[in-house]
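Protein sequences, first through last, are from chains C and R.
Going letter by letter, the first sequence gives residues 1 to 400 in the numbering used here.
Going letter by letter, the second sequence gives residues 1001 to 1400 in the numbering used here.
For every residue, glycine included, the Cβ atom is placed at its ideal position computed from N, Cα and C.
There are 2 protein chains.
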Amino acid sequence: MGSPDRIRNVAKRVARWKRNGNQVVVVVSAMSGETNRLIALAKDVSPQPDERELDVMISTGEQVTIALLAMALKDIGVSAKSYTGSQVKVLTDSTFTKARILDIDGQNIQRDLDDDTVVIVAGFQGVDASGNITTLGRGGSDTSGVALAAALKADECQIYTDVDGVYTTDPRIVPEARKLDRITFEEMLEMASLGSKVLQIRSVEFAGKYKVKLRVLSSFEEEGQETMGTLITLEEDTTMEQPIISGIAFNRDEAKLTVLGVPDHPGIAYQILGPVADANIDIDMIIQNVGHDGTTDFSFTVNRNDFVRTKALLEDQIKPHVGARAVSGDNKICKVSAVGVGMRSHPGVASKMFRILAEEGINIQMISTSEIKISVVVDEKYLELAVRVLHRAFELDQAT
Amino acid sequence: MGSPDRIRNVAKRVARWKRNGNQVVVVVSAMSGETNRLIALAKDVSPQPDERELDVMISTGEQVTIALLAMALKDIGVSAKSYTGSQVKVLTDSTFTKARILDIDGQNIQRDLDDDTVVIVAGFQGVDASGNITTLGRGGSDTSGVALAAALKADECQIYTDVDGVYTTDPRIVPEARKLDRITFEEMLEMASLGSKVLQIRSVEFAGKYKVKLRVLSSFEEEGQETMGTLITLEEDTTMEQPIISGIAFNRDEAKLTVLGVPDHPGIAYQILGPVADANIDIDMIIQNVGHDGTTDFSFTVNRNDFVRTKALLEDQIKPHVGARAVSGDNKICKVSAVGVGMRSHPGVASKMFRILAEEGINIQMISTSEIKISVVVDEKYLELAVRVLHRAFELDQAT
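As structure tokens, then:
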């Protein structure tokens, strides 16, 4: 939700969905910049604003947009009614600024829908059992939308973003990247967590859990030019032949650290990673090789911003404590991953991936795998090359 | 509520009231300019915004300030909690943008007060029986404060304004004007309706009806320099000797119109004023003299902005319809009034007023009286002179 112009455009698009015979619930976020403006105002009054009161304040951002969109819809002859989170009500726990949704009462909304009215709900907010206003934290509006879709048993939850769908990889790196018509929740989770920031992971998890069909669409497409975006579904829904690999994801915000010559005995992982977690440093990949001579090497990756702090922690506290031989690190690395549910039934994906990288002379520094994903850490200078050759080798540039 | 600085100052002042052993409920308005900003934004999206949705939007102005004030109080060690109108709840009818308060549930607030917490309530807003957000219209925050004071049986309702109390007249015209320590509700109503715009009439009426002691105070006074403002009480509360006249009020926004030679028969007032009211023109004074020769002259005053429109209406429609001889008008007039409950028991106030004006050569064009007020219409060039000589003649510059 950007400007008044943008709001009128959204109204037109909602009106078309309505006129095509759909019952429509719209979940909106605040106008761009509004939440940050409110937080800045709060910090101007109080350096560390009380979180209950911060939620009272920042929830007004969405309260303004629901009213504006309802006005715009009525102006073009569509019956519409706005709801705050508390009016719905979206019941949450009392963890202010990052509350979790506990329950949604869909009764009032359903009555309005049956009455041929478009319902507009403030995303990102709810109300706790005592009537306090809460907000859901990052990605909260997407989560509100998915939760409402689940509560109302909606046919589909459409999430309007600034991209027109989920791509096989970043088109800025591989111009041949294709938009996927559909992708499974699991693949989407892997793609999202690997740096393809289309949707907040939390809303995808939520949609997967409650079996809500999600569709990623662009909010910028012109009237008559709209595409159907990407549908995120349960794997069971897909009747087509699965491609082996759905996409190549990557993340350049990584740094790796290795503790060398660690005594290979039980509890060593906790002795190393416990203090790192206690320092509020998020850990991504973790790799421990089989040991020899009673010692092993222990590697992990962190966000690049935490590199210096983590290295100091390892050298000053952890190395002497666990009796390691040395600590090494590298913050010029990146992670490249191939993601696809198809690899479950197609062995040989990993070896193909390693062969392709080897043919280009790209050295693999770390490897980590899951059921539907293979990730490698390589020198960051190879990022674009690795993504391009993998995208081509797995035929992601070919229509399915 | 102006800036963050201002909010911190209010917090300090509230903290002192609290530390002096009071249970404190604070009703706040939006930050200056915020309500207008929101209305402009609404009109940018929709030329005639839907009123239900407009209330959803503009109620966010107060929602932001309650949170900011609660934060600021907590920062200086005072337990505080904010409430929106709907959280209180302030039950209103469903007349969006100008709702009337029906009931206030003081239970939650009382529990917090007993728990040693300062309660901060969003003024100007409420919630109807269906859970829709409503706003109270002009002067709504003052009305919210009075209504809450009544519901909670508060000792006193203090209204912080940009003046430090109610004066015997406007100090910009009469430098000797004195601040009144107390004034009755009836006098305050006459003063307010006559143009001394300290409080919204509606909140004074409300306070009178529910016997809430109101105190007008300045929100700009520095710490340690605060005065006690003006207490507005029921007449029965005052034990002191009443002054005969409490103040000289005036209004320069008036214009007068006269329909001359109107047939003097029943229903003529309605025939003249009915069409004026239908055109949404507010009428102030109305004067009809006894007739002679079967005709009479009929005069009334309107806001100066409505003068041209009203004159045209009288000439084009009303004059031919009622068979009047002529229509005359003057928009260079003003109204000056002496107000005081004491005149009930002191005859001769009117004749003294007329004598004083006559001594200055000020011609009186119209006279209107009530139980506690005498108003005269004079040429606007005499406004300052009339106010000064009356102020002195009724000894309003002398301490009681």
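The residue among C:Ile109, C:Val308 and C:Gln125 with its C-alpha nearest the C-alpha of Val119 of chain C is C:Ile109. Within chain R, the C-beta atoms nearer than 7 Å to that of Arg8 of chain C come from Val1045, in chain order.
Chain R has no Cβ within less than 9 Å of the Cβ of Thr35 of chain C. In the DSSP secondary-structure assignment, Leu1091 of chain R is bridged to R:Asp1103 and R:Val1127.
For the 9 Å CB-CB criterion, Thr1233 of chain R and Phe1185 of chain R form a contact. Distances from the alpha-carbon of Thr92 of chain C to those of C:Thr227, C:Gln48 and C:Gly123 put C:Gly123 closest.
The Cβ-Cβ distance between Asp1105 of chain R and Val1121 of chain R does not fall below 9 Å. In terms of Cβ geometry, Asp1306 of chain R and Leu1260 of chain R do not form a close pair [threshold 9 Å]. Within the region 1007 to 1084 of chain R, the complete alpha helix (DSSP H) segments of 4 residues or longer fall at 1034 to 1045 and 1051 to 1075, listed in chain order. For Glu1176 of chain R and Tyr1160 of chain R, the gap between their C-alpha atoms comes out near 23 Å. Asp1142 of chain R carries a helical assignment under DSSP once its states are collapsed to helix, strand and coil. Going by C-alpha positions, Ala1358 of chain R is about 52 Å away from Ala1011 of chain R. In the structure shown, the three-state DSSP call for Gly1229 of chain R is coil. Around the beta carbon of Pro347 of chain C, fewer than 16 other beta carbons lie within 10 angstroms, which makes this residue exposed. What Gln87 of chain C touches in chain R, judged by beta-carbon distance under 7 Å, is Gly1131, going in chain order.
In the displayed model, Asp112 of chain C falls within a helix according to three-state DSSP. Within the region 66 to 83 of chain C, the residues whose Cβ lies closer than 7 Å to some Cβ of chain R are Ile66, Ala67, Leu68, Ala70, Met71, Ala72, Lys74, Asp75 and Ser82, listed in chain order. Straight through space, the alpha carbons of Ser1130 of chain R and Lys1256 of chain R are spaced by roughly 46 Å. Taking 9 Å as the Cβ-Cβ cut-off, the region 1040 to 1064 of chain R approaches chain C at Leu1041, Ala1042, Asp1044, Val1045, Ser1046, Pro1047, Gln1048, Pro1049, Asp1050, Arg1052, Glu1053, Leu1054, Asp1055, Val1056, Met1057, Ile1058, Ser1059, Thr1060, Gly1061, Gln1063 and Val1064, given in chain order. As a beta-bridge residue in DSSP terms, Lys179 of chain C pairs with C:Tyr167. Under the three-state reduction of DSSP output, Ala154 of chain C falls in the coil class, being neither helix nor strand.
Nearest neighbour of Asp5 of chain C by Cα position, chosen from C:Ser337, C:Val45, C:Thr65 and C:Gly21, turns out to be C:Thr65. Cβ-Cβ distances below 6 Å link Ile286 of chain C to Phe300 in the same chain, with the five nearest sequence neighbours on each side left out; the list follows chain order. Asn1251 of chain R has R:Lys1335 as its beta-bridge partners, per DSSP. Close CB contacts of Gly145 of chain C within its chain, under the 6 Å cut and outside five residues either way in sequence, are with Val27 and Cys157 (chain order).
Listed by position along chain C, the residues whose Cβ is nearer than 8 Å to that of Pro1004 of chain R are Leu41, Asp44 and Val45. Straight-line measurement puts the Cα of Ser3 of chain C at about 16 Å from the Cα of Glu221 of chain C. Per DSSP, Arg1202 of chain R lies in no beta strand (DSSP E) segment; the continuous alpha helix (DSSP H) that holds it begins and ends at Ile1201 to Lys1209. In its chain, beyond the 5 residues on either side, Ile1201, Val1204, Glu1205 and Gly1208 have a beta carbon closer than 8 Å to the beta carbon of Leu1189 of chain R.
Under the three-state reduction of DSSP output, Val1174 of chain R falls in the coil class, being neither helix nor strand. For Ile1283 of chain R and Ile1367 of chain R, the gap between their C-alpha atoms comes out near 15 Å. DSSP, reduced to helix, strand and coil, places Ser1345 of chain R outside both helices and strands of the structure shown, so it counts as coil. Around Glu1384 of chain R, the same chain offers Ile1173 as residues with beta carbons nearer than 6 Å, after the five sequence neighbours per side are excluded. Going by DSSP, Asp278 of chain C is part of the alpha helix (DSSP H) stretching over Ile268 to Asp278.
Approximately 6 Å separates the beta-carbon atoms of Thr169 of chain C and Val387 of chain C; this is inside 8 Å, confirming the contact. Burial state of Asp1055 of chain R is buried, judged by a 10 Å Cβ sphere holding 16 or more other Cβ atoms.
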